[in-house]
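K.L.:
Before I ask anything, here is the structure I am working with.
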Amino acid sequence: MQGVAAVLLLPLPQAFAAGTESGTESSPANSKGRVLILGATGRIGRFIAETIYEAGYQVRGVTRNVARAKSRFSGDYEWVQADVRDPRTLVGPMSDVDYVVSSIRSSEWVGAYSPEMVDYHGMRNLVEAAKAAQVKHFVLISTATSGPQVDQTKNPAKNYVRHFKTKGEAVVREGGLSHTIIAPGRVPEEPGGKTGFILLARKDYYVSQITAGDIALVTLDALTNPAARGKAFAMRNEPGVPLGAWRDQYADMPDK
Ligand SMILES: NC(=O)c1ccc[n+]([C@@H]2O[C@H](COP(=O)([O-])OP(=O)(O)OC[C@H]3O[C@@H](n4cnc5c(N)ncnc54)[C@H](OP(=O)(O)O)[C@@H]3O)[C@@H](O)[C@H]2O)c1
Numbered sequence: 009m010q011g012v013a014a015v016l017l018l019p020l021p022q023a024f025a026a027g028t029e030s031g032t033e034s035s036p037a038n039s040k041g042r043v044l045i046l047g048a049t050g051r052i053g054r055f056i057a058e059t060i061y062e063a064g065y066q067v068r069g070v071t072r073n074v075a076r077a078k079s080r081f082s083g084d085y086e087w088v089q090a091d092v093r094d095p096r097t098l099v100g101p102m103s104d105v106d107y108v109v110s111s112i113r114s115s116e117w118v119g120a121y122s123p124e125m126v127d128y129h130g131m132r133n134l135v136e137a138a139k140a141a142q143v144k145h146f147v148l149i150s151t152a153t154s155g156p157q158v159d160q161t162k163n164p165a166k167n168y169v170r171h172f173k174t175k176g177e178a179v180v181r182e183g184g185l186s187h188t189i190i191a192p193g194r195v196p197e198e199p200g201g202k203t204g205f206i207l208l209a210r211k212d213y214y215v216s217q218i219t220a221g222d223i224a225l226v227t228l229d230a231l232t233n234p235a236a237r238g239k240a241f242a243m244r245n246e247p248g249v250p251l252g253a254w255r256d257q258y259a260d261m262p263d264k
């Protein structure tokens with residue numbers, strides 16, 4: 009199944025490290041702020057963490073297993089342990105956080121880590137925690153095949169994962185947080201900035217690719233770009249499109 013394969017050898021990102029587990033340090037004066045990244049050990053999230061770190065932010069990576077994360081990554085991040093299903097575990101990691109990025113997904117289709125428990129109820133916990141922490145912006149990495157443009161209640165595939173991801177998106181959209189929803193299709197685990205890409209409304213999406221590195225570039229931009237606020241969109245690599253042309257597209261993107 010997509011999303012549960014163990015990552016055994018992770019050369020990326022260089023910046024990952026055996027950081028502290030406590031999350032009590034404050035941002036240094038030269039930092040652009042602290043970003044809490046849920047899913048920082050994941051296939052897309054690790055590209056996001058690297059890009060955000062290299063841009064001068066402090067990265068606090070959330071994992072359910074700090075020892076495992078440290079054994080897989082080397083670099084200079086802070087790791088904290090939390091499980092979105094349990095709101096109590098989110099309080100400490102959220103302290104002194106400026107921005108939140110969620111790139112999580114359920115690690116099983118049925119059971120305690122199902123889409124309902126992680127992508128929906130977990131997202132509700134996460135949004136509540138981010139609101140309580142008064143973060144400046146929240147970026148959700150969702151998926152091109154979810155979203156309210158299709159009635160996902162009638163799509164039982166993979167234990168209604170698209171339905172529950174759609175509900176998780178609604179929690180973010182309606183939760184009162186400044187937010188951006190990025191909804192990729194197929195995602196090669198490759199660096200960004202090599203090929204041009206476009207942003208597109210999900211109603212216009214058809215099966216296509218966007219590299220994890222390009223998702224990371226847009227995530228970084230969305231943290232502080234007012235034009236990205238309240239927008240939801242898919243992305244597609246398109247050879248021939250000038251690098252950076254996507255920055256002019258936010259205004260045409262819908263809110264869901
Ligand atoms: N990869 C793709 O091809 C693709 C395509 C389209 C859309 N997407 C979307 O992109 C997002 C990220 O996908 P991905 O493929 O990068 O994910 P992934 O590689 O399967 O990683 C999932 C991440 O979620 C974290 N996680 C799972 N359950 C958690 C919980 N209960 N509490 C806290 N963290 C939890 C895991 O952290 P630990 O295991 O360290 O705890 C892991 O870092 C998802 O929304 C997915 O639907 C992915």
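Its first residue numbered 9, the sequence shown is counted upward by one per residue in the numbering used here.
For every residue, glycine included, the Cβ atom is placed at its ideal position computed from N, Cα and C.
If you're wondering where the values come from, they're calculated on a predicted model, not measured in any experiment.
With a 10 Å radius around its C-beta and 16 neighbouring C-beta atoms as the bar for buried, classify D256 as buried or exposed.
P.N.:
exposed
K.L.:
Under 7 Å Cβ to Cβ from V180, same chain only, skipping five residues before and after it: list those, please.
P.N.:
M131, V135, F146, L148, H187, I189
K.L.:
Ordered along the chain, which non-local residues of its own chain (more than five positions away) have a Cβ less than 6 Å from that of K239?
P.N.:
T188, Y258, M261
K.L.:
Taking all protein chains shown into account, do 16 or more other C-beta atoms lie within 10 angstroms of the C-beta of T49, making it buried, or fewer, making it exposed?
P.N.:
buried
K.L.:
For M102, which option in S114, S115, E86 has the closest C-alpha, if you only look at C-alpha atoms?
P.N.:
E86
K.L.:
In chain order, what residues of the same chain have a beta carbon less than 8 Å from the beta carbon of I223, not counting five sequence neighbours either side?
P.N.:
I52, F55, I56, I149, I190, P192, V195, G200, M243
K.L.:
Cβ of A90 versus every heavy atom of ligand 1: is any distance shorter than 7 Å?
P.N.:
yes
K.L.:
Given T59, which residues of its chain have a CB within under 6 Å of its CB, disregarding the five upstream and five downstream residues?
P.N.:
A224, L228
K.L.:
Cβ atoms of R210 and Q160: under 8 Å apart, would you say?
P.N.:
no
K.L.:
Going by DSSP in three states, K239 sits in which element: helix, strand or coil?
P.N.:
strand
K.L.:
Mapping the DSSP letters down to three states, classify P69 as helix, strand or coil.
P.N.:
Reading the sequence as shown, one finds Gly at residue 69 and not Pro. Of the three classes helix, strand and coil, the one that applies to G69 here is strand, per DSSP.
K.L.:
So for Y107, helix, strand or coil by DSSP?
P.N.:
strand
K.L.:
Using a threshold of 7 Å, is the CB atom of I52 nearer than that to any non-hydrogen atom of ligand 1?
P.N.:
yes
K.L.:
Are the CB atoms of L46 and V74 within a distance shorter than 8 Å?
P.N.:
In this structure, the beta-carbon distance from V74 to L46 does not fall below 8 Å.
K.L.:
Does the beta carbon of A236 fall short of 7 Å from some heavy atom of ligand 1?
P.N.:
no
K.L.:
Compute the Euclidean distance between the alpha carbons of L251 and P164, then round it to the nearest angstrom.
P.N.:
38 Å
K.L.:
Would DSSP call F146 helix, strand or coil?
P.N.:
In the structure shown, F146 sits in a strand (DSSP, three-state: E or B).
K.L.:
Could you have a look at E177 and say whether DSSP puts it in helix, strand or coil?
P.N.:
It is helical.
K.L.:
Looking at I189 and ligand 1, is the gap between the Cβ and the nearest heavy atom below 7 Å?
P.N.:
False, no ligand heavy atom lies under 7 Å from that Cβ.
K.L.:
Pull up the CB-CB distance for S115 and D127, whole angstroms please, since I reckon it's below 8 Å.
P.N.:
Not confirmed; about 11 Å, so no contact.
K.L.:
For S152, which residues in the same chain have their Cβ closer than 8 Å to its Cβ, ignoring the five residues on either side in sequence?
P.N.:
The question names Ser, yet the displayed sequence has Ala at residue 152. So the qualifying residues of the chain are A191, P192, G193, R210, Y213, A242.
K.L.:
Less than 7 Å between the CB of G41 and some heavy atom of ligand 1, yes or no?
P.N.:
no
K.L.:
Distance, Cα to Cα, N245 vs V226?
P.N.:
13 Å
K.L.:
Do K40 and Y65 have their beta-carbon atoms positioned less than 8 Å apart in this structure?
P.N.:
Yes, the Cβ-Cβ distance between Y65 and K40 is below 8 Å.
K.L.:
Which residues share a DSSP beta bridge with N245?
P.N.:
Per DSSP, the beta-bridge partners of N245 are F205.
K.L.:
Following a CB-centred definition, is V126 positioned closer than 7 Å to any heavy atom of ligand 1?
P.N.:
yes
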